[in-house]
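Protein chains in written order, with my numbering: chain A, 61 to 211; chain B, 13 to 93.
Beta carbons: idealized from backbone N, C-alpha and C, even for Gly.
Since the model is a prediction, treat every value here as computed from it, not as a measurement.
Read through the structure below, which is laid out as structure tokens, and then see the notes.
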């Protein structure tokens with residue numbers, strides 16, 4: 061398992077290849093890459109600042125990955141999230157899950173993103189023509205996370 | 013003595029990122045929130061229904077009891093990813 065929080069930009073292709081390297085038991089890798097859009101909630105977005113809670117962020121992500129590893133037979137997991145200033149078009153987050161077969165990789169990747177969106181302490185502040193504004197949490201993100209709750 | 017931290021919009025509205033608090037009775041997070049709300053003015057931001065909180069860097073509910081030395085945090089709904 062690898063959890064990284066960094067200011068520096070990253071190349072999703074490099075991360076994807078590293079996830080599979082030197083493990084011939086991996087038959088499936090699923091990845092998610094989130095990017096900064098240039099438009100949100102009816103306004104142009106020129107850039108954004110990502111704030112986080114140092115210390116808790118790493119713990120929260122490690123906890124989420126640990127839960128995914130308990131639920132699915134994963135061979136490798138990588139979560140990489142940027143903080144600080146970002147420009148439209150730049151990757152914000154990379155989640156990669158590797159498994160012997162595709163279903164575990166797909167489901168675990170989806171699960172990690174749903175939990176990251178609702179439980180990891182990151183906050184986006186967008187730069188718009190009308191000034192900077194904090195992004196509000198979305199109800200549908202909460203609903204997406206709830207589908208993984210065990211009965 | 014406990015440490016209380018504020019993040020993102022709360023930090024901006026309150027004008028501080030955190031403070032040390034000495035309280036006679038620690039109680040739970042809801043009681044701490046009520047204490048902070050009683051300061052009036054900008055502190056009303058903590059009355060938001062979707063406020064999130066953490067004790068010692070783990071998400072928790074407002075009913076969670078506080079112990080001496082704890083690190084408590086209040087923040088708006090998270091928006092990463």
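Hey, could you find the ends of the alpha helix (DSSP H) residue 179 of chain A is sitting in? Locating residue 179 of chain A in the first chain gives position 119, counting from the first residue. Note, residue 179 of chain A: alpha helix (DSSP H), 162 to 179.
May I have the straight-line CA-CA distance separating residue 88 of chain B from residue 62 of chain B, to the nearest angstrom? Residue 88 of chain B sits at position 76 when you count from the first residue of the second chain. Residue 62 of chain B sits at position 50 when you count from the first residue of the second chain. Those two C-alpha atoms are separated by around 7 Å.
Inter-residue Cα distance where the pair is residue 44 of chain B and residue 30 of chain B: Mapped onto the second chain, residue 44 of chain B falls at position 32. Mapped onto the second chain, residue 30 of chain B falls at position 18. So the alpha carbons of these two residues sit roughly 14 Å apart.
Name the residues in the stretch 80 to 92 of chain B whose C-beta lies less than 8 Å from a C-beta of chain A; which are they? 85, 87, 88, 89, 90, 91, 92
Do we get a CB-CB distance below 8 Å when we pair residue 139 of chain A with the residues of chain B? Translated into positions along the first chain, residue 139 of chain A becomes position 79. Not closer than 8 Å to any Cβ of chain B, the Cβ of residue 139 of chain A fails to qualify, so no.
If I measure Cβ to Cβ from residue 32 of chain B and keep anything under 7 Å in the same chain, skipping five residues before and after, which residues do I get? Stepping through the second chain from its first residue, residue 32 of chain B is reached at position 20. Excluding residues within five positions, the ones whose Cβ falls inside 7 Å are 13, 15.
Report the residues of the stretch 93 to 110 of chain A with a CB closer than 8 Å to any CB of chain D, ordered along the chain. Among the chains of the structure shown, chain D does not appear; the protein chains present are A and B.
Exposed or buried, residue 136 of chain A, counting other C-beta atoms within 10 Å across all chains shown (16 or more means buried)? Position 76 of the first chain, counting from 1, holds the residue named residue 136 of chain A. With 16 or more other Cβ atoms within 10 Å, it is buried.
Look at the alpha carbon of residue 56 of chain B and the alpha carbon of residue 25 of chain B, and state the distance between them as a whole number of angstroms. Counted from its first residue, the second chain places residue 56 of chain B at position 44. Counted from its first residue, the second chain places residue 25 of chain B at position 13. Each residue's alpha carbon lies about 10 Å from the other.
Which same chain residues end up closer than 6 Å to residue 193 of chain A when comparing Cβ atoms and leaving out the 5 residues on each side of it in sequence? Counted from its first residue, the first chain places residue 193 of chain A at position 133. Excluding sequence neighbours, residue 193 of chain A sits near 186.
For residue 35 of chain B, which beta-bridge partners are listed by DSSP? Translated into positions along the second chain, residue 35 of chain B becomes position 23. The partner list for residue 35 of chain B (beta bridge, DSSP) is empty, contrary to what the question assumes.
Nonlocal neighbours in the same chain, by C-beta distance under 7 Å from residue 175 of chain A, ignoring five residues either side: Walking along the first chain from the start, residue 175 of chain A turns up at place 115. For residue 175 of chain A, where only same-chain residues beyond five positions count, the Cβ hits under 7 Å are 124, 205.
What whole-angstrom Cβ distance do residue 129 of chain A and residue 173 of chain A have, given they're in contact under 8 Å? Within the first chain, numbered from 1, the residue matching residue 129 of chain A stands at position 69. Within the first chain, numbered from 1, the residue matching residue 173 of chain A stands at position 113. For residue 129 of chain A against residue 173 of chain A, the beta-carbon gap comes to about 15 Å, at or over 8 Å, which does not count as contact.
Identify every residue that forms a DSSP beta bridge with residue 17 of chain B. By one-based count along the second chain, residue 17 of chain B stands at place 5. DSSP lists B:30, B:85 as partners of residue 17 of chain B.
Rounding to the nearest angstrom, what Cα-Cα distance links residue 161 of chain A and residue 85 of chain A in this structure? Sequence index remark: in the first chain, residue 161 of chain A carries index 101 (1-based). Sequence index remark: in the first chain, residue 85 of chain A carries index 25 (1-based). Approximately 10 Å, taken between the alpha carbons.
Between the alpha carbons of residue 20 of chain B and residue 178 of chain A, how many angstroms are there, rounded? Here residue 20 of chain B refers to the residue found at position 8 when the second chain is read from its first residue. Here residue 178 of chain A refers to the residue found at position 118 when the first chain is read from its first residue. The straight-line gap from Cα to Cα measures roughly 15 Å.
Chain-order list of residues whose beta-carbon lies under 6 Å from that of residue 92 of chain A (same chain, five-residue window excluded): By one-based count along the first chain, residue 92 of chain A stands at place 32. Hits under 6 Å: 155, 169, 173.
In angstroms with no decimal places, state the Cα-to-Cα distance between residue 117 of chain B and residue 66 of chain A. Coverage of chain B is limited to positions 13 through 93, which leaves residue 117 of chain B absent and any answer about it impossible.
Smallest Cα separation from residue 157 of chain A: which of A:181, A:180, A:126, A:105? In the first chain, residue 157 of chain A corresponds to position 97, counting from 1. It is A:126.
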